[in-house]
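Data first, discussion second: the structure below is written as structure tokens.
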Ligand SMILES: [Fe+2]
Ligand SMILES: [Fe+2]
């Protein structure tokens with residue numbers, strides 16, 4: 010990581026060919042599959058590890074934040090952008106995610122997992138730089154950035170970050186689609202963020218497979234210990250999420266956790282109404298489920314998909330409101 014929080018260094022590995030990059034517009038990248046390995050793959054096997062690591066490395070999108078042409082916005086569009094309460098939290102979340110992933114990468118002994126997580130850390134830093142460039146360009150005022158703390162326990166905080174991204178992204182995919190279809194953001198601005206959103210789909214597929222791989226490689230005691238850590242991380246994220254949901258309209262960064270981190274929690278769900286579209290909760294759930302499936306569909310079907318949020322939402326759906334009128 011560079012010393013400057015807003016300067017992006019070169020990618021840590023010679024990842025990707027750009028073939029799976031988004032070429033502008035809102036189309037998803039082409040289907041990625043690992044053709045060298047044929048047939049079904051056992052979770053925890055060497056082939057499984059190659060599959061989920063190569064997915065992240067091969068589908069790297071080599072865009073540079075510095076060359077983004079930020080579109081000119083009208084005054085009402087600018088006012089809407091400035092009214093959103095979460096820009097400093099979003100930047101801080103990306104900063105923490107990058108640092109946590111970098112620490113995890115450095116603690117990994119397996120070369121290809123290490124390489125893939127280092128790339129993930131780079132992409133989180135790139136998200137932070139994109140957001141920082143955007144708020145600078147549009148003159149959005151931010152609170153001073155905190156000092157980022159290197160995690161003392163890389164695996165636990167990697168679990169926290171990965172679980173947080175799975176929770177966040179589920180709603181972010183739906184919210185992004187809503188912002189796009191409603192015209193809340195001008196299409197040119199939405200287009201800038203399309204690769205960032207698709208990167209989160211890659212990250213959470215990687216994480217879902219990494220954690221299943223790690224669990225499958227342990228003996229029974231190791232498995233229980235790993236799952237207990239996972240559960241502890243999940244509960245910590247759920248607590249932080251509730252805190253953010255309560256504080257979304259309060260002053261910025263009300264949701265730092267006890268370790269002083271602005272957490273990787275889902276302020277997107279609590280911000281549904283901020284995109285200015287009347288959508289019933291059940292219709293929003295359906296949109297999120299559909300967007301999750303759509304974004305995951307371009308990666309090898311043998312990869313595991315994150316299942317927690319889709320399962321929870323499918324279970325809750327019959328009890329939430331009524332379907333939106335056609
Ligand atoms: Fe990110
Ligand atoms: Fe991410």
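Numbering (the numbering used here), first residue to last: 10 to 335.
From the three backbone atoms N, C-alpha and C, an ideal C-beta is built for every residue, glycine too.
Fair warning: this is a prediction, and the values are worked out from it, not measured in the lab.
> Would the C-beta of residue 203 count as close to ligand 2, meaning under 6 Å from any of its heavy atoms?
Replying inline: At a threshold of 6 Å, residue 203 does not count as near ligand 2, since its beta carbon sits no closer than that to any of the ligand's heavy atoms.
>> So, with DSSP's three-state summary, where would you put residue 147?
In response: In the structure shown, residue 147 sits in coil (DSSP, three-state: anything other than H, G, I, E or B).
> Start and end of the alpha helix (DSSP H) containing residue 227?
Replying inline: No alpha helix (DSSP H) holds residue 227; DSSP gives it neither H nor E.
> For residue 150, is the beta carbon positioned less than 6 Å from some heavy atom of ligand 1?
Replying inline: no
> In this structure, does DSSP put residue 187 in helix, strand or coil?
Replying inline: Shown here, residue 187 sits in a helix according to DSSP, grouped into three states.
>> Can you give me the C-alpha to C-alpha distance between residue 5 and residue 40, rounded to a whole angstrom?
In response: The first residue shown for the chain is 10 and the last is 335, placing residue 5 beyond what the model contains.
>> Would you say the beta carbon of residue 101 is closer than 6 Å to some non-hydrogen atom of ligand 2?
In response: no
> Rounded to the nearest angstrom, how far is the Cβ of residue 213 from that of residue 175, given a contact under 8 Å?
Replying inline: 5 Å
>> Considering only their Cβ atoms, is the gap separating residue 17 from residue 138 smaller than 7 Å?
In response: One thing to note: residue 138 has its Cβ within 7 Å of the Cβ of residue 17.
> With 16 as the cutoff for other CB atoms within 10 Å, does residue 267 come out buried or exposed?
Replying inline: Residue placement at residue 267 cannot be trusted, given a pLDDT of 39 that sits under 50; what the coordinates show is reported in the next sentence. Looking at its Cβ environment, which holds fewer than 16 other Cβ atoms inside 10 Å, residue 267 is exposed.
>> Rounded to the nearest angstrom, what separates residue 190 and residue 199 at their Cα positions?
In response: For residue 190 and residue 199, the gap between their C-alpha atoms comes out near 10 Å.
> Going by C-alpha distance, which of 235, 124 and 211 is nearest residue 222?
Replying inline: 235
>> I'd like the list of long-range same chain contacts for residue 297, defined as Cβ closer than 7 Å, with 5 residues on each side in sequence excluded.
In response: 179, 180, 182, 183 and 322
> So what does DSSP say about residue 72, is it helix, strand or coil?
Replying inline: Here residue 72 sits in coil by DSSP.
>> Buried or exposed for residue 68, going by 16 or more other Cβ atoms inside 10 Å?
In response: buried
>> Just to check my reading of the structure: residue 50 and residue 311 have Cβ atoms closer than 8 Å, yes? What is that Cβ distance to the nearest angstrom?
In response: 5 Å
> On the three-state DSSP scale, how would you describe residue 157?
Replying inline: coil
> With a CB to CB cut of under 7 Å and the five nearest residues on each side skipped, what residues in its chain are close to residue 136?
Replying inline: These residues qualify, in order along the chain: 103 and 205.
> Any heavy atom of ligand 1 within a distance shorter than 6 Å of the CB on residue 133?
Replying inline: yes
>> Are there any heavy atoms of ligand 2 lying less than 6 Å away from the beta-carbon of residue 212, as far as the coordinates show?
In response: yes
> In angstroms, rounded to a whole number, what distance separates the CA positions of residue 225 and residue 170?
Replying inline: Looking at the two C-alpha atoms, the distance is approximately 21 Å.
> Which runs of the alpha helix (DSSP H) fall wholly inside the stretch 37-91 and span at least 4 residues, in chain order?
Replying inline: 55-67
> Which one or two residues does DSSP pair with residue 308 in a beta bridge?
Replying inline: Looking at the DSSP assignment, residue 308 forms a beta bridge with 41.
>> Less than 7 Å between the beta carbons of residue 146 and residue 113, yes or no?
In response: No. Outside cutoff.
> Anyone know if the C-beta pair for residue 2 and residue 109 falls short of 7 Å?
Replying inline: The structure shown does not extend to residue 2, since the chain spans only 10 to 335, so no value can be given for it.
> Around the C-beta of residue 120, are 16 or more other C-beta atoms found within 10 angstroms, so that it is buried, or is it exposed?
Replying inline: exposed
> In chain order, what residues of the same chain have a beta carbon less than 7 Å from the beta carbon of residue 86, not counting five sequence neighbours either side?
Replying inline: 195
> Which residue comes first and which comes last in the alpha helix (DSSP H) that contains residue 104?
Replying inline: Element bounds for residue 104: 96-116.
>> Please identify the residue among 244, 208, 155 and 193 whose C-alpha is closest to the C-alpha of residue 287.
In response: 193
>> Nearest by alpha-carbon distance to residue 36: which of 303, 315 and 330 is it?
In response: 303
>> Quick check on the DSSP output: the alpha helix (DSSP H) that includes residue 325 runs from which residue to which?
In response: 317-325
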